[in-house]
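Asker: Below you will find the structure I want to go over with you.
Number of protein chains: 2
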Amino acid sequence: MERIFLGIDLGGTNIKAGCLDHNFNLLCKTAAPTDADLGPDAVIDRITDTAAKLLSENGLTMESVEAAGIGSPGTLNIAEGMVISAPNFPKFRNIPLRDMLSRRLSKPVVFENDANAACWAEYRAGAGKGVNDMLFMTLGTGIGGGIISNGELVHGYFDNAAEFGHIIIQKDGRGCVCGQQGCVEAYSSAAATAKRAGEALQAGAKSSLRKIFETNGDVTCKDVFEHCAQGDRLAVNIVEGTCSALGLLCVNLLHITGPQRIVFAGGMIAAGQILADKIRYFFEQYIWHLKPEPVEICLASLGEDAGIIGTAALALHAEQQGKL
Amino acid sequence: MERIFLGIDLGGTNIKAGCLDHNFNLLCKTAAPTDADLGPDAVIDRITDTAAKLLSENGLTMESVEAAGIGSPGTLNIAEGMVISAPNFPKFRNIPLRDMLSRRLSKPVVFENDANAACWAEYRAGAGKGVNDMLFMTLGTGIGGGIISNGELVHGYFDNAAEFGHIIIQKDGRGCVCGQQGCVEAYSSAAATAKRAGEALQAGAKSSLRKIFETNGDVTCKDVFEHCAQGDRLAVNIVEGTCSALGLLCVNLLHITGPQRIVFAGGMIAAGQILADKIRYFFEQYIWHLKPEPVEICLASLGEDAGIIGTAALALHAEQQGKL
Numbered sequence: 001m002e003r004i005f006l007g008i009d010l011g012g013t014n015i016k017a018g019c020l021d022h023n024f025n026l027l028c029k030t031a032a033p034t035d036a037d038l039g040p041d042a043v044i045d046r047i048t049d050t051a052a053k054l055l056s057e058n059g060l061t062m063e064s065v066e067a068a069g070i071g072s073p074g075t076l077n078i079a080e081g082m083v084i085s086a087p088n089f090p091k092f093r094n095i096p097l098r099d100m101l102s103r104r105l106s107k108p109v110v111f112e113n114d115a116n117a118a119c120w121a122e123y124r125a126g127a128g129k130g131v132n133d134m135l136f137m138t139l140g141t142g143i144g145g146g147i148i149s150n151g152e153l154v155h156g157y158f159d160n161a162a163e164f165g166h167i168i169i170q171k172d173g174r175g176c177v178c179g180q181q182g183c184v185e186a187y188s189s190a191a192a193t194a195k196r197a198g199e200a201l202q203a204g205a206k207s208s209l210r211k212i213f214e215t216n217g218d219v220t221c222k223d224v225f226e227h228c229a230q231g232d233r234l235a236v237n238i239v240e241g242t243c244s245a246l247g248l249l250c251v252n253l254l255h256i257t258g259p260q261r262i263v264f265a266g267g268m269i270a271a272g273q274i275l276a277d278k279i280r281y282f283f284e285q286y287i288w289h290l291k292p293e294p295v296e297i298c299l300a301s302l303g304e305d306a307g308i309i310g311t312a313a314l315a316l317h318a319e320q321q322g323k324l
Numbered sequence: 325m326e327r328i329f330l331g332i333d334l335g336g337t338n339i340k341a342g343c344l345d346h347n348f349n350l351l352c353k354t355a356a357p358t359d360a361d362l363g364p365d366a367v368i369d370r371i372t373d374t375a376a377k378l379l380s381e382n383g384l385t386m387e388s389v390e391a392a393g394i395g396s397p398g399t400l401n402i403a404e405g406m407v408i409s410a411p412n413f414p415k416f417r418n419i420p421l422r423d424m425l426s427r428r429l430s431k432p433v434v435f436e437n438d439a440n441a442a443c444w445a446e447y448r449a450g451a452g453k454g455v456n457d458m459l460f461m462t463l464g465t466g467i468g469g470g471i472i473s474n475g476e477l478v479h480g481y482f483d484n485a486a487e488f489g490h491i492i493i494q495k496d497g498r499g500c501v502c503g504q505q506g507c508v509e510a511y512s513s514a515a516a517t518a519k520r521a522g523e524a525l526q527a528g529a530k531s532s533l534r535k536i537f538e539t540n541g542d543v544t545c546k547d548v549f550e551h552c553a554q555g556d557r558l559a560v561n562i563v564e565g566t567c568s569a570l571g572l573l574c575v576n577l578l579h580i581t582g583p584q585r586i587v588f589a590g591g592m593i594a595a596g597q598i599l600a601d602k603i604r605y606f607f608e609q610y611i612w613h614l615k616p617e618p619v620e621i622c623l624a625s626l627g628e629d630a631g632i633i634g635t636a637a638l639a640l641h642a643e644q645q646g647k648l
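Sequence order for the protein chains is A and B.
Quick note: the first sequence, position 266, residue 266 per this note's numbering, numbers continuous.
Every number in this note's numbering is 324 more than the matching position in the second sequence, counting from 1.
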């Protein structure tokens, strides 16, 4: 019987679960509402029920599961398998999620933050396959990510590595939600992209976005990218501001961990290859010409499945390293 | 007979050599002129002669040497043990320095860049002892450094990690020698600190530095720090500019690799604890207050011996890992 690995992607809205084989094939997947407000015990029940249902509906059994992985949002203690706190999980305070789940499943469980799990998925099975030094960056409401250095995730001493959104690229620049000034997230997140467009429209800029702005009181990042694709000058300027800050961020990250490839993910990559091309363009503007820096900049390939693939693949990795 | 490790620090002016025991005690050390212009074979002769003399003068023999480490400046291929090019070594082009030295010594040789070797020394035997996630930064004519992540050096795919001086902290900021704009090195290296003071003096700023400036046509970084300690307002402003950019850099680095400790080294740390205190002050100004970030900022403790201790300690590490 083939041994499989269970991946759990715990989100504020949904729990996603999937099964992976040794070759990183996603055999099956499902999702269920998290109902985080009910608290940790109810969420653990929901996870185990969802996993059991997924297995039985696909002709699999818990006996065939070698190990599980779970990815969580929030502030975590990775080594201890604890959720210290998480914005959408008000009742989760110092919850030993890894060990609770391990007891319920009677399986070893690997614990990771959600961005690192998605990073690991792209590294082992997606756009970073075969690349041992890789950066992964999610462009959503905020900007997060993960770092693979010499084939392993970088966690940092306080499990605080890869907070890429809060790298300051402009001293005394735009205020960020985090309280710092000049963070790349204040320019380039989906929220900041929409906000910068809204500010320009408010100030009277001519744009094909005006109708949406006057109807809704704001515009979305998706609106901005759509009108950019249609050639609207304001939208092009805003998108270039977004990509310019990301290109500069790539320069900085290159000078720190020296990646072979930088993989962008998150909602914003729906814009397609033009996004990677524009980031690359600005990267080339900002990088030194002392010596060539042939870092690759590309888009993630696993989409919404990255969380379940990554957590299951981390369980597989732990098994291969004899760390279960 | 105790087994010892030989460390070689290859510099443009001098070759330094030292012997380390298993407990990181520096048993003896020496130095000799590099005479790099004579080319790779002559430099290898000089290294082996210097090492042989060091051993015999200290009652040691080549038989007791388990392995050697060598740290080199320049653009390197670490895995291949090659010097691709190095500014003060005009005849060094794609030189297999590691294997040349290994053949001459009849010992395994570990090869590393000079900044990483010094980083490793502080990590194993200096200000970073016991800290598995550490950053090391040298403040000299330029700014370089090294990264320890989970107890290992980060090299990057192209051996291009830890180019801390060329992290851009100000988009479209001061021009840097590297061709980029707004690099931290353009504000905070010893050369940039002296240059910013010279610019202000040229523009007519009042300062106790003026006499030196008018006599010599410029001021040194050391002058600026000395006059800062005496309370000269311009010198204080210049030093604060230096430390402000370094504090911001610490914020950025914290958000990337998540170190427990950041260790500053290089000529500028002759200024003493005030330097670390001022960098810490600005770090606190720029860092978010979302959650505490108790990263430690301190000064290196091994001084000029870091190169020989680090290279020897890397040879010891390779031996302990069974990688010789």
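Heads up, the beta-carbon is just placed ideally off N, CA and C, and yes, glycines get one too.
Predicted, not measured: the structure shown is a model, and the values here were computed from it.
1. Please report whether the beta-carbon of A/V154 lies at a distance below 8 Å from any beta-carbon of chain B.
2. Residues of chain B with a CB under 8 Å from the CB of A/L290: which are they?
3. Short of 7 Å in beta carbon distance, which residues of its chain neighbour A/C298, apart from the five on each side in sequence? Order them along the chain.
4. Would you list, in chain order, the members of the stretch 390 to 413 of chain B that have their beta-carbon closer than 9 Å to a beta-carbon of chain D?
5. For A/S106, decide whether its Cβ has a neighbour in chain B, counting only Cβ atoms nearer than 8 Å.
6. Tell me the rounded alpha-carbon separation between B/H346 and B/D359.
7. Please return the same chain residues whose Cβ sits closer than 6 Å to the Cβ of B/G497, not counting the five positions on each side in sequence.
8. Based on DSSP bridge pairs, tell me the residues matched to A/N113.
9. If we cut at 8 Å on Cβ distances, does B/S513 have a partner in chain A?
10. For B/P397, which residues in the same chain have their Cβ closer than 6 Å to its Cβ, ignoring the five residues on either side in sequence?
11. Might you give, ordered along the chain, the residues of its own chain that have their beta carbon closer than 8 Å to the beta carbon of A/I169, omitting 5 neighbours on each side?
12. How big is the Cα-Cα spacing for A/G71 and B/T374?
13. By Cβ distance below 6 Å, which residues in the same chain neighbour A/M134 in space, the five residues on each side in sequence not counted?
14. State the Cα-Cα distance for the pair A/N132 and B/Y481, rounded to the nearest angstrom.
15. Could one say the Cβ of B/L638 lies closer than 8 Å to chain A's Cβ atoms, at least one of them?
16. For the beta strand (DSSP E) that contains A/P259, what are its first and last residues?
17. Against B/F482, what residues of chain A qualify as contacts under a CB-to-CB distance less than 7 Å, listed in chain order?
18. Using a cut-off of 7 Å between C-beta atoms, extract the partners of B/Y610 located in chain A.
19. Can you tell me which of the three DSSP states A/G330 falls into?
20. For B/A451, which of helix, strand or coil comes out of DSSP?
21. If contacts are defined as beta-carbon pairs under 8 Å, then A/K91 and A/P40 qualify, I think. What distance do you get, rounded to the angstrom?
22. Which residues in the same chain as A/S102 place their Cβ atom closer than 7 Å to its Cβ, once the five residues preceding and following it in sequence are excluded?
23. Leaving out five residues before and five after B/E643 in sequence, what residues of the same chain have Cβ atoms less than 7 Å from its Cβ?
24. Tell me the start and end of each unbroken beta strand (DSSP E) in the stretch 566 to 644 of chain B that is at least 3 residues and wholly inside, in chain order.
25. Per DSSP, which residues does B/L384 bridge with? Please list them.
26. I need the DSSP call for B/E390, collapsed to helix, strand or coil.
27. May I have the straight-line CA-CA distance separating B/R557 from A/S207, to the nearest angstrom?
28. How would you write the range of the alpha helix (DSSP H) that A/V83 sits in, first residue to last?
29. Would you list, in sequence order, the uninterrupted beta strand (DSSP E) runs of no fewer than 3 residues that lie entirely inside the stretch 169 to 231 of chain A?
Answerer: Quick look at the numbers:
1. yes
2. C502 and G503
3. A127, R261, V263 and A276
4. The displayed structure is made up of protein chains A and B, and chain D is not among them.
5. no
6. 32 Å
7. Q505 and G506
8. A/S72
9. no
10. A410 and D438
11. G182, C183, V184, Y187, A245, L248, L249 and N252
12. 55 Å
13. Y123, G128, I148, P259 and R261
14. 8 Å
15. no
16. It is not in any beta strand (DSSP E) - A/P259 carries neither H nor E in the DSSP assignment.
17. G258
18. I168 and Q180
19. Residue numbering for chain A in the displayed model covers 1 to 324; residue 330 of chain A lies beyond these limits and cannot be assessed.
20. coil
21. 6 Å
22. P108 and V109
23. E390 and A391
24. 585 to 589 and 620 to 623
25. For B/L384, which the question treats as bridged, DSSP gives no partner whatsoever.
26. strand
27. 49 Å
28. Here A/V83 belongs to no alpha helix (DSSP H); instead the beta strand (DSSP E) covers M82 to S85.
29. none
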